[in-house]
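Q: Counting from 674, one number per residue, gives the positions in the sequence shown under my numbering.
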Amino acid sequence: MTTMTTLKDAIAKNGTNKIHISSNFIIKNLKPDDMSLNCIKNISSILQNKDEKTKLFHTSRIVSKGAHYSYCITEHNNEGIKRPLLINKTAFQQELGDLDYTDSATIDFLQGVMVGKENQMTEIWKSLIKKYNIFPYSQAYAGFQFGQFSGQLGDGRVVNLLDINGQSIQVKGSGLTPFSRSADGKATLKASVREFIISESLHSIGIPTTRGLILSYIPDIKALRGLKRVKAGTVTRFAKSWVRLGNFDLQRWRQDLDAIIKLSDYCIEEVMPKPESFIPIENLIDIEKGNDAYDVLDITKYDEFLRNVAIANASNVAKWQAYGFTNGVLNTDNTSILGLSMDYGPFSFIDTYDDDWTPNKDDSTKRYSLGNQPKVIWWNLLRFAESLTMLIGSGNKHLDLVKKDPQSVNETIAQYMTDRTIKLIEYVEKEYDFYYKLNYVKLMVQRLGLCSKKLGLDIPVTSLSQEDFKSFDKKLDDLQDNLIEKLLSVMKTTKVDYNNFFLDFQNIGTNSLINEDKTFSQELYKCFANVHEGVNLYVNNETSDAIDKLFISEVLDTDFKLYKDLEAFVSEYKKIWESINNDIDTDIKEVKLSVSTKVNPYFIPRHHHFNEVDQSLESDAEAISKLQKLYLMSSNPYNPELWNEKLLPEVQKRWIDPADTCKNKNSFSQCGCSS
674 MTTMTTLKDA
684 IAKNGTNKIH
694 ISSNFIIKNL
704 KPDDMSLNCI
714 KNISSILQNK
724 DEKTKLFHTS
734 RIVSKGAHYS
744 YCITEHNNEG
754 IKRPLLINKT
764 AFQQELGDLD
774 YTDSATIDFL
784 QGVMVGKENQ
794 MTEIWKSLIK
804 KYNIFPYSQA
814 YAGFQFGQFS
824 GQLGDGRVVN
834 LLDINGQSIQ
844 VKGSGLTPFS
854 RSADGKATLK
864 ASVREFIISE
874 SLHSIGIPTT
884 RGLILSYIPD
894 IKALRGLKRV
904 KAGTVTRFAK
914 SWVRLGNFDL
924 QRWRQDLDAI
934 IKLSDYCIEE
944 VMPKPESFIP
954 IENLIDIEKG
964 NDAYDVLDIT
974 KYDEFLRNVA
984 IANASNVAKW
994 QAYGFTNGVL
1004 NTDNTSILGL
1014 SMDYGPFSFI
1024 DTYDDDWTPN
1034 KDDSTKRYSL
1044 GNQPKVIWWN
1054 LLRFAESLTM
1064 LIGSGNKHLD
1074 LVKKDPQSVN
1084 ETIAQYMTDR
1094 TIKLIEYVEK
1104 EYDFYYKLNY
1114 VKLMVQRLGL
1124 CSKKLGLDIP
1134 VTSLSQEDFK
1144 SFDKKLDDLQ
1154 DNLIEKLLSV
1164 MKTTKVDYNN
1174 FFLDFQNIGT
1184 NSLINEDKTF
1194 SQELYKCFAN
1204 VHEGVNLYVN
1214 NETSDAIDKL
1224 FISEVLDTDF
1234 KLYKDLEAFV
1244 SEYKKIWESI
1254 NNDIDTDIKE
1264 VKLSVSTKVN
1274 PYFIPRHHHF
1284 NEVDQSLESD
1294 AEAISKLQKL
1304 YLMSSNPYNP
1314 ELWNEKLLPE
1324 VQKRWIDPAD
1334 TCKNKNSFSQ
1344 CGCSS
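#1: Once you ignore the five residues that flank residue 699 on each side, which residues in its own chain have a CB closer than 6 Å to its CB?
#2: Are the beta-carbon atoms belonging to residue 1164 and residue 1174 less than 8 Å from one another?
#3: Check whether the Cβ atoms of residue 1000 and residue 1026 lie closer than 8 Å to each other.
#4: Rank 770, 704, 761 and 905 by C-alpha distance to the C-alpha of residue 738 and give the top, closest one.
#5: Which word fits residue 807, buried or exposed, when buried means at least 16 other C-beta atoms lie within 10 angstroms of its C-beta?
#6: At what residue ranges does the region 916-948 contain a whole run of the beta strand (DSSP E), taking only runs of 3 or more?
#7: Do you know offhand how far residue 1210's Cα is from residue 1116's?
#8: Between residue 1152 and the rest of its own chain, which residues show a CB-CB distance below 6 Å, the 5 nearest in sequence each way excluded?
#9: Could you work out which residue in 1011, 1202, 1004 and 1220 is closest to residue 817 when comparing CA atoms only?
#10: Where do the N-terminal and C-terminal ends of the beta strand (DSSP E) with residue 906 fall, by residue?
#11: Contact between the region 868-887 and the region 918-932: three or more CB pairs below 8 Å?
#12: So residue 757 is in the beta strand (DSSP E); what residue range does that whole segment cover?
#13: Can you tell me the Cβ-Cβ gap for residue 1241 and residue 1159, rounded? I've got them flagged as a contact below 8 Å.
#14: Note down, in chain order, each residue of its chain lying with its Cβ closer than 6 Å to the Cβ of residue 849, except the 5 sequence neighbours on either side.
#15: Assuming residue 886 contacts residue 741 under a Cβ cut-off of 8 Å, what Cβ separation, rounded to an integer in Å, is found between them?
#16: What are the start and end residues of the beta strand (DSSP E) that includes residue 895?
#17: Taking residue 815 as part of the beta strand (DSSP E), name the residues at either end of that continuous run.
#18: Could you give the distance in angstroms between the alpha-carbon of residue 1216 and the alpha-carbon of residue 1188?
#19: Who are the Cβ neighbours of residue 1032 in its own chain at under 7 Å, not counting the five residues just before and after it?
#20: In whole angstroms, what is the alpha-carbon distance linking residue 836 and residue 845?
#21: Contact defined as beta carbons within less than 8 Å: I believe residue 677 pairs with residue 771. What is the distance between those atoms, to the nearest angstrom?
#22: Using the Cα positions of residue 804 and residue 697, report the straight-line distance between them to the nearest angstrom.
#23: Going by DSSP in three states, residue 1048 sits in which element: helix, strand or coil?
#24: For residue 905, does the count of other Cβ atoms within 10 angstroms reach 16, so buried, or fall short, so exposed?
#25: With a Cβ-Cβ cutoff of 8 Å, do residue 1201 and residue 1166 count as a contact?
#26: Report the three-state DSSP secondary structure of residue 1211 (helix, strand or coil).
#27: Provide the residue span of the beta strand (DSSP E) that contains residue 1252, from first to last.
#28: From the DSSP secondary-structure annotation, give me the bridge partner or partners of residue 1170.
#29: Taking Cβ to Cβ, would you say residue 1278 is nearer than 8 Å to residue 1298?
#30: Is it true that the region 1320-1327 meets the region 1282-1301, where meeting means three or more beta-carbon pairs spaced less than 8 Å apart?
#31: For residue 1079, does the count of other Cβ atoms within 10 angstroms reach 16, so buried, or fall short, so exposed?
#32: Taking 8 Å as the cut-off, decide whether the C-beta atoms of residue 1012 and residue 988 are in contact.
#33: Suppose the cutoff is 8 Å on Cβ atoms and the five residues either side in sequence are ignored; what does the same chain contact list for residue 1155 look like?
#34: Considering just the uninterrupted stretch of the alpha helix (DSSP H) at residue 789, what are its terminal residues?
#35: Classify residue 899: buried if its beta carbon has 16 or more other beta carbons within 10 angstroms, exposed otherwise.
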């Protein structure tokens, strides 16, 4: 049995065991807010003075120019006030080096407990401050929200604790900070549950995301939402980095190039993975080699930084689209430089395929609809590129000059920088589009039981010649246009449940799906049995009639667009299958399942599941059996054997029943931004 280590022991033995403790964001040349600069050495006296503590840590202000963060302690920080409802034991073991989740002092620390006896920092915090100069902090950032710049935002209810094994740990819902603005610094228990569960659901499905570590309930504190006081909670969460595009928005707004350089260098050296290679520029855009103004072949580390951030986000949004996950609020302040899904508000998995669907009831323009997500993330990346303009525009030719003396940039250099930036962004956009398409197509064909390796989609694309790259890109286009888009068109019209369609399709053991009378087979009909009830009876009847025209000979309509799209999909699928599996004697279903079961989740948490759990916690916040059930099912989406069928078996049966999922009361639900 593996021995677990308490946080106290890990701090004492730091660097000599498998737990490494640090706090890179505050010790790597980034700048704290001037007002909080001396709080570490004066923390004992500050804690004795309530007014000073409130002013320094819990009162909103505009931080000093160049500040990347402000030192801050949690507001509700005494021992025993928070009750852990869920602890991610797997994360403690795998990500945090077997940190001891049974040790009360360790859990207290990770819940944001900072003040102990006699109104002094706890012993663990005293040790961190004395030995490593580690102190809690909140990040400073700005953001474009719904397309409009919103000025300074920052961690308005988050305090960052420390890093363990390269994972930055923070507490959300920890109270007021210098960035709280007019909010109360709290998080509702309902929103905390949603964030914790969806983080672990997406991670387990295979979508890059921030993670949940501890979900806590605060019995003695209420969050004010509108005129209501509701149950409050916190989420202790972790990620390799919490830097967002909004961190750069803030420094650009304040015209602080030095702060942008420091933040960029920190991200490049401490956060971003080092790429092995990039797609040759000439494979994506026309480039005039030797043209001084278009000198983008000689790339700098800042060019690579922009490209890395774009590629990471392209890959992640491709997975959102393939799984039908809608974030609901994709502002620059919640777009990760690592391409992580983060800051969950009115998110939702789609019930049926509809590229116009938004889970956010406040999104009247549907800016953050399913179909807009790839475009919005690119729009956010353009704002990021604007923040880096002085660095990516300079190139190796003028970089040293710009960094040392930006005021000396003359008209000629400025024109060079403009031309270079435009050309580089043109390339990065093509690169973003390509990696989005590559990751999306690969995942979609896998969900349909087609092996991406046999299709030739798993090759190292950065080493392809210009001609081979063009041919590969066309292959992706053909798969998207002739297979995937045809299926999506059918799914949109029929209102079939999106996720359950793939589960049903993977169980079809034949590719002969069209009968002699031109109707589609009963095997395929089963894939369209789970249709969502709309709010409009006419639409329901229209959908039912449309499906009948595919499968019932008496009303068959081969000129119907829906029929033509489904016929095109079925024919293309059969052609592709035979081209890559003609040498296999194994049962078709078995071959499909060997691919698709790795990417088709048996369970995804939906709005009505969250509502049911919320209602049970509202009645009794410590009656957590439904919460535990939702956690087990969400964090083990590919393995029902780990759902503990003895725990609420009737709930499990209902939650995976497509007929129940498709009921009107459970379909097409939306949330607001408030959490």
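We put the beta carbon where it would ideally sit given N, CA and C, even for glycine. Just so you know, these numbers come straight off a predicted model, no measurement behind them.
A: With the given structure in hand:
#1: Only 810 meet the Cβ criterion.
#2: A contact, by the Cβ cut-off of 8 Å.
#3: The Cβ-Cβ distance between residue 1000 and residue 1026 does not fall below 8 Å.
#4: Comparing Cα-Cα distances from residue 738 to each of 770, 704, 761 and 905, the minimum goes to 704.
#5: Residue 807 is buried by the Cβ-count criterion.
#6: DSSP runs (the beta strand (DSSP E)) wholly in the region 916-948: none.
#7: Annotation note: pLDDT 49 at residue 1210 (below 50); position unreliable, coordinate value reported separately. Linking residue 1210 to residue 1116 through their CA atoms gives a straight-line distance of about 35 Å.
#8: Within the same chain, residue 1152 has close Cβ partners 1114.
#9: That would be 1004, whose Cα lies nearest to the Cα of residue 817.
#10: Run containing residue 906: 901-912, per the beta strand (DSSP E) assignment.
#11: No contact exists between the region 868-887 and the region 918-932.
#12: Taken as a continuous stretch (DSSP letters only), the beta strand (DSSP E) holding residue 757 covers 756-760.
#13: Contact between residue 1241 and residue 1159 holds: CB atoms are separated by about 5 Å, below the 8 Å threshold.
#14: Setting aside the 5 residues that flank it on each side, residue 849 is surrounded in the same chain by 731, 748 and 858, each with a C-beta closer than 6 Å to its C-beta; the list follows chain order.
#15: Contact flag wrong, Cβ pair sits at about 24 Å.
#16: First-last of the beta strand (DSSP E) with residue 895: 884-898.
#17: Counting along the chain, the unbroken beta strand (DSSP E) around residue 815 starts and ends at 815-818.
#18: The alpha-carbon atoms of residue 1216 and residue 1188 are separated by roughly 22 Å.
#19: Answer for residue 1032: 999, 1001, 1019, 1020, 1021, 1343 and 1344, listed in chain order.
#20: Their backbone Cα atoms lie some 16 Å apart in a straight line.
#21: Their Cβ separation, rounded to whole angstroms, is 5 Å, which keeps residue 677 and residue 771 in contact under 8 Å.
#22: Roughly 15 Å separates the two Cα atoms.
#23: If DSSP states are grouped into helix, strand and coil, residue 1048 belongs with the helices.
#24: Under this definition residue 905 is a buried residue.
#25: It is not a contact, given that the beta carbons lie outside the stated cut-off.
#26: Note that residue 1211 has pLDDT 49, beneath the 50 cutoff, so the model's placement of it is unreliable and the number below is only indicative. Correct three-state label for residue 1211: helix.
#27: In the DSSP annotation of this structure, residue 1252 is not part of any beta strand (DSSP E); the continuous alpha helix (DSSP H) holding it starts and ends at 1234-1254.
#28: According to DSSP, which records beta bridges pairwise, residue 1170 is partnered with 1025.
#29: Their beta carbons are not under 8 Å apart, which means residue 1278 does not touch residue 1298 by this criterion.
#30: Touching, yes, given that three or more Cβ pairs across the two stretches are closer than 8 Å.
#31: Answer is exposed; the Cβ neighbour count stays below 16.
#32: Yes, they are a contact pair.
#33: Within the same chain, residue 1155 has close Cβ partners 1241 and 1245.
#34: Counting along the chain, residue 789 falls outside any alpha helix (DSSP H), and DSSP gives it neither H nor E.
#35: The residue is exposed, with fewer than 16 neighbouring Cβ atoms inside 10 Å.
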